[in-house]
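So the sequences go chain by chain: H and V. The opening position of the first sequence corresponds to residue 5 in this note's numbering, with each subsequent residue numbered one higher. The opening position of the second sequence corresponds to residue 217 in this note's numbering, with each subsequent residue numbered one higher. Right, one structure below, let's go through it.
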Amino acid sequence: MAARSIPSHASVAKGLKGCLLASLFCSVAFSQSLAHGAHGAHDGPISRADPSILFTTGDISKGGMVESFADLPALGDNFSQFELANGMQVVVIPDHRAPIATHMVWYKVGSADEKPGETGIAHFLEHLMFKGTKAHPDGEFSRVIASVGGQENAFTSYDYTAYYQRVAKQHLPTMMAMEADRMANLVLREDQILPEREVVREERTSRTDSVPGSLLGEAISASLYRNHPYGKPIIGWAHEIDGLTLQKAIDFYDTYYTPNNAILIVAGDVAVEEIKRLAEETYGKVARRAEPGERLRPSEPPQRTARTLTLRHERVTQPQMSRSYVVPSYHSAQEKEAYALDLLGYLLGSGTNSRLYQALVVKNQIATSAGAGYSSDGLDDTRFYFYGVPAAGKSLDDVEAAIDAQINLLIRDGVSAQDLSRAKRSILTQSYYSQDSQVSLANIVGRTLSTGGTLDDIRLWPQKLNEVTAADIQAVAAKYLRANRSVTGYLRAPKQETPETMDKGKMDKKATEKGQVVPKAKPKAKPSAPSKKES
Amino acid sequence: MSFDIHRSSLPDHSCARAVCVAKTKSAQDRQHFLAALWSFGSVLLFLILLLISAGKVRATEIQEVVSPGGIKAWLVEEHSVPIVTMDFSFSGGVVNEKADKLGTATLLTALFDEGAGDLKADAFQTRLEENAIHMSFDTGYERFYGSLRTLTPNLMEATDLLALALQKPRFDEDAIERMRASLMSSLQRRQKSPGTVMSNNWRKTLYGDHPYSRPSDGEIETMQAITRDDLIEFHRAVLSRDDLIIGVVGAIDAKTLAPLLDKIFAPLPQKGEEIAVAPYRLDQKGRKDVAFNNPQTQIRFALEGIQRDDPDFYAAYVINYALGGGMTSRLFTEIREKRGLVYGVSSYLSARDHSQLFIGAMQTRTENTDQAIELVRTELVKLAKDGLSEEELASAKQFLIGSYPLRFDTSSKISRQLVGIQEEDLGIDYFDKRNSYIEAISMDDIQRVSKRLFKIDNLFIMTVGKEMQTAKSTMPKQ
């Protein structure tokens with residue numbers, strides 16, 4: 005299903021950069037220099053409102069808005085979808101406002117489809133896909149794209165791997181021909197493998213090994229999912245990256261890179277008939293290379309234990325905490341539950357008007373930032389998360405207790421009709437903006453279709469969100485926000501070496517120098533002061 | 217990219233410019249999970265008629281709108297989506313801060329939605345939230361930026377709120393303390409991140425006593441010292457009508473816009489504080505290693521660069537693209553593709569009001585540090601000696617010209633460019649002319665400017681990382 009994480013105008017602002025959630029659900033891209041410039045995998049979170057729904061139930065909407073918003077077509081109304089004879093799905097998103105096109109191919113395979121012992125192979129293959137084919141050897145692909153002024157990149161996540169180019173529309177046929185070529189004709193040489201593997205190791209070092217919050221995030225995932233592969237990092241464990249080979253990459257490629265496992269999305273100044281013709285001339289010529297079959301992953305045993313993890317690291321200068329609960333994704337959820345979880349995330353933790361921000365940051369000054377959210381995308385169960393950064397003089401335990409109090413309050417008393425109405429209206433009004441970007445729309449479609457959803461899910465999203473009742477929200481909170489489904493992570497500075505704690509401090513320091521995760525120590529009344537030790 | 221109020225998408229002064237010559241600290245931030253999760257991709261696909269095949273970009277016309285009260289703005293009308301985006305910048309920024317109150321500008325950016333007029337913080341934010349109105353502010357060293365984004369049905373509400381925010385910020389004590397705590401916590405959190413350690417050392421070493429040595433978002437101690445009066449004083453000094461620059465894009469015509477400009481900006485004082493900033497020239501050379509316990513070494517290098525209005529700017533721009541500008545650049549090919557030493561390596565031209573630098577950056581594991589630096593040096597020497605090949609020049613031009621239209625695909629990008637073009641005084645026909653400036657660069661220009669820029673003896677390099685135990689790389693040389 006589409007990403008429905010709710011954008012908030014203020015949540016980042018109110019103090020969230022560098023939070024320990026950094027690595028929880030990121031996708032990993034081919035190149036940082038271009039990835040941020042074009043767009044990340046998560047930049048187009050929600051779909052658009054259906055105005056009739058939006059403004060018939062709202063009791064606080066302004067007069068005059070209805071007519072104007074109602075003139076807009078609903079999201080997805082002008083999307084076209086068809087399938088090529090070889091099983092490749094195609095979606096066309098017309099957008100005639102500029103003579104450019106966004107061309108994407110999404111493979112329904114990600115890191116959660118990797119074999120045991122080969123973590124990182126999905127992402128490594130993504131990198132290797134830029135090496136070349138017989139027709140376009142040695143990086144010619146990128147040179148051709150650059151020569152027409154195109155932007156390109158690729159990204160890997162748990163459930164999908166996607167490649168894209170953005171070009172002036174007249175270059176679209178070239179992009180389609182080249183992308184179709186590398187779907188079946190990738191040629192790899194041994195001398196390309198080692199350097200690229202080193203690139204990935206550097207990428208991992210930058211993103212994860214140099215970032216204490218990411219290290220903790222990785223450990224939280226591993227603890228949250230004990231059996232399901234969402235517990236393994238997308239980029240791979242370092243020691244397993246080192247073991248990836250040309251053969252393993254090619255095996256993965258031959259298993260999953262086939263038209264019947266791929267989705268073509270073209271958004272921009274294009275006509276459906278033209279795309280149909282071009283798709284048949286390019287991708288249509290690629291034979292089915294494999295039958296990946298149903299996407300069945302090892303499933304989780306019952307979540308019975310509340311888990312806590314602590315990372316003490318010499319570079320932590322500000323303690324932080326987060327908690328993740330396993331919850332259904334849009335795809336794995338029963339009926340309305342995912343929609344209710346989306347609204348729950350918004351009400352509890354999105355933006356300055358959210359319950360957590362108001363209670364922890366504004367009223368009681370326990371935290372300098374606090375929030376919550378629902379990670380909605382995923383073929384399988386995903387997560388609902390909370391985070392908080394203590395204010396001066398407050399401890400992680402204070403923050404955690406305050407978050408618990410808000411959760412309990414919501415489970416006990418539910419949400420008011422007025423708050424629910426406000427939340428729905430904000431989310432749906434907000435969602436108008438996503439219509440304005442062909443990249444956002446293409447990402448919504450790609451994520452939805454590659455995680456088991458359909459275009460109808462996108463079209464019906466506003467309506468279904470609107471049907472959620474206060475009781476539904478209370479019910480999912482009570483059902484899923486239970487300690488035994490959760491992992492709580494604490495990021496702390498090393499303990500100070502005072503005489504009485506000298507021995508213990510030394511031990512901790514040894515462990516933390518290597519960035520190890522140690523079991524949570526007994527909660528102290530006050531957090532340790534940041535270490536003054538220079539590293 | 218994101219909707220966050222306090223750190224807008226204008227993280228670096230130079231990046232607001234028509235030709236974005238700098239891309240620095242935001243890269244990692246934007247890749248950050250939360251930024252990604254919450255960012256809404258403020259990407260508004262925009263209608264501008266671009267004749268790409270002809271190698272020229274023809275933008276729909278930019279109108280200059282002057283309000284009855286004398287406020288000037290550049291406007292690009294686009295009526296196919298019901299959205300209006302307004303970007304603006306004031307003269308002043310970090311350089312206007314008192315030396316013992318660094319962070320004043322940043323704290324101010326955080327306070328515009330924390331109450332204005334009769335609306336206290338929660339009331340103000342509720343009105344923004346319910347109407348899906350986005351307001352963001354950011355500060356550079358010499359410009360102070362703001363941005364407004366609204367759906368057209370809420371245009372009046374949005375401009376009312378912006379006018380209030382700019383003219384009558386409340387600066388309530390509780391809001392100040394809340395934002396101060398949040399910003400200090402953020403400073404605290406980043407204190408020992410490799411990027412922060414690098415940029416703190418970099419600024420101090422390069423700029424010494426020059427105001428550019430200041431951090432863009434304050435220091436923990438000075439942030440603590442800022443008072444309500446400091447904020448009021450800074451607000452008065454910077455938010456003034458002289459040298460106010462405005463760009464507007466969206467479903468709005470000049471007649472509708474003009475009175476809104478007056479409503480928002482006319483009541484601001486006519487004149488602000490002028491700060492004289494001395495011109496800066498790079499006077500460091502050689503290599504400085506900063507010890508830092510991290511598996512990766514951060515590496516930055518710099519040379520004296522080139523000003524935006526220098527006749528050689530476009531040649532330098534083309535050369536930089538070929539050297540370190542993309543996934544086909546020389547540095548990318550030599551250091552990443554062939555040898556796998558880095559994940560990212562890039563270079564850019566930084567042209568601020570009073571400085572001009574060529575800057576490059578990369579990270580590599582400790583033992584590869586010397587090899588990566590040597591490769592950079594080799595490329596710079598080669599460039600100074602031989603310039604680019606004909607093919608490289610041709611393909612650099614092709615890319616820079618061909619990709620220009622991709623900068624016009626969102627309303628926010630366009631309105632920021634409208635501001636940048638005015639700041640640089642590039643002319644209202646710049647969209648039309650820009651590609652011809654690139655097209656005109658000759659091999660002679662490339663040769664001359666390469667020699668001018670890449671004086672290897674002047675190269676300054678900084679590393680932040682562990683000491684190399686051995687000069688040997690783990691990777692075979694190729």
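C-beta atoms are modelled at their ideal positions from N, C-alpha and C, and glycine is treated no differently. Predicted model only: the values in this text are computed from it and were never measured.
8 Å contact criterion, which residue i and residue j should meet: CB distance rounded
i        : j        : result
V/Val534 : V/Leu609 : 7 Å
H/Glu561 : H/Arg230 : There is no way to answer for residue 561 of chain H, as the model of chain H reaches only from 5 to 539.
H/Gly382 : H/Ser333 : 4 Å
H/Gly374 : H/Ile415 : Reading off the sequence, residue 374 of chain H comes out as Ala, not Gly. Actually they do not touch by this definition, with Cβ atoms about 18 Å apart.
V/Pro427 : V/Arg419 : About 10 Å separates the two Cβ atoms, so there is no contact after all.
H/Pro296 : H/Thr259 : 6 Å
H/Thr321 : V/Gln404 : 5 Å
H/Met92  : H/Tyr168 : In fact, because the Cβ distance is near 16 Å, the residues do not count as touching under 8 Å.
H/Leu176 : H/Ala105 : 5 Å
H/Ser328 : H/Ile238 : Not quite, the Cβ-Cβ distance comes to about 16 Å (not below 8 Å), so this is no contact.
V/Met351 : V/Leu378 : 6 Å
H/Gly153 : V/Gln614 : 7 Å
Any chain H beta carbon closer than 8 Å to residue i
i        : result
V/Gln341 : yes
V/Ile617 : yes
V/Arg430 : no
V/Met678 : no
V/Pro410 : yes
V/Ala714 : Absent from the structure is residue 714 of chain V, since the part of chain V shown begins at 217 and ends at 694.
V/Phe517 : no
V/Glu683 : no
V/Leu675 : no
Span of the alpha helix (DSSP H), counted from its first residue to its last, around residue i
i        : result
H/Trp110 : Careful: H/Trp110 lies outside any alpha helix (DSSP H), inside the beta strand (DSSP E) at 104 to 111.
Any C-beta of chain V under 8 Å from that of residue i
i        : result
H/Gly450 : no
H/Tyr436 : yes
H/Arg281 : no
H/Asp81  : no
H/Pro177 : no
H/Gly355 : yes
H/Glu278 : no
H/Ala102 : yes
H/Glu200 : yes
H/Asp213 : yes
H/Asp440 : yes
Beta strand (DSSP E) segment containing residue i, residue limits
i        : result
H/Pro98  : 93 to 98
H/Glu156 : 155 to 160
H/Arg316 : 311 to 316
H/His216 : First, the amino acid is wrong: residue 216 of chain H is Pro here, not His. Taken as a continuous stretch (DSSP letters only), H/Pro216 belongs to no beta strand (DSSP E), being part of the alpha helix (DSSP H) at 216 to 228.
V/Asp505 : 502 to 507
H/Ser328 : 324 to 331
**Item:** Members of the region 321 to 340 of chain H that neighbour chain V once the beta carbon cut-off is set at 8 Å
**Value:** Listed by position, the residues of the region 321 to 340 of chain H near chain V (Cβ gap below 8 Å) are Thr321, Gln322, Gln324.
**the region 523 to 539 of chain V: positions lying closer than 7 Å to chain H by Cβ** = none
**Item:** Every unbroken beta strand (DSSP E) inside the region 522 to 594 of chain V [3 residues or more]
**Value:** 561 to 568, 571 to 581
**Item:** Under 9 Å (Cβ pairs) to chain H, residues found in the region 555 to 567 of chain V
**Value:** Arg555, Gly556, Leu557, Val558, Tyr559, Gly560, Val561, Ser562
**Request:** Below 8 Å between beta carbons is the criterion; list the residues of the region 225 to 240 of chain H that meet it against any residue of chain V, in chain order.
**Result:** none
**Asked** Going along the chain, which unbroken runs of the beta strand (DSSP E) with 3 or more residues stay wholly within the region 335 to 380 of chain H?
**Response** 371 to 379
**Message:** Residues of the region 643 to 660 of chain V in Cβ contact with chain H at a cutoff of 9 Å, in chain order, please.
**Reply:** Within the region 643 to 660 of chain V, no residue qualifies.
**Prompt:** Between the region 127 to 138 of chain H and chain V, which residues of the former have CB atoms less than 7 Å from a CB of the latter, in chain order?
**Reply:** Of all residues in the region 127 to 138 of chain H, none has a Cβ within less than 7 Å of some Cβ in chain V.
**Request:** Please name the residues in the region 139 to 151 of chain H whose beta-carbon is closer than 8 Å to at least one beta-carbon of chain V, in chain order.
**Result:** Gly143, Ser146, Arg147, Ala150, Ser151
**Request:** Could you tell me which uninterrupted beta strand (DSSP E) segments, each at least 3 residues in length, are contained entirely in the region 273 to 311 of chain H, listed from first to last along the chain?
**Result:** none
**Item:** In chain order, each alpha helix (DSSP H) run of at least 4 residues that lies wholly inside the region 590 to 621 of chain V
**Value:** 606 to 618
**Message:** By the 8 Å beta-carbon criterion, what residues does the region 394 to 409 of chain H contribute toward chain V?
**Reply:** Here the close residues are Ala395, Ala396.
**Asked** Can you list, in chain order, the stretches of the beta strand (DSSP E) that have 3 or more residues and sit fully within the region 343 to 400 of chain V?
**Response** 350 to 355, 359 to 367
**Cβ-based contacts, 9 Å cut-off: residues of the region 150 to 173 of chain H near chain V** = Ala150, Ser151, Val152, Gly153, Gly154, Gln155, Glu156, Asn157, Arg170, Val171, Ala172, Lys173
**Request:** Residues of the region 570 to 582 of chain V with a CB closer than 7 Å to any CB of chain H: list them in chain order, please.
**Result:** Gln579, Thr580, Arg581
**Prompt:** Between the region 299 to 323 of chain V and chain H, which residues of the former have CB atoms less than 8 Å from a CB of the latter, in chain order?
**Reply:** Ile299
**Prompt:** For the region 243 to 277 of chain H, which residues have a beta carbon sitting closer than 8 Å to at least one beta carbon of chain V?
**Reply:** none
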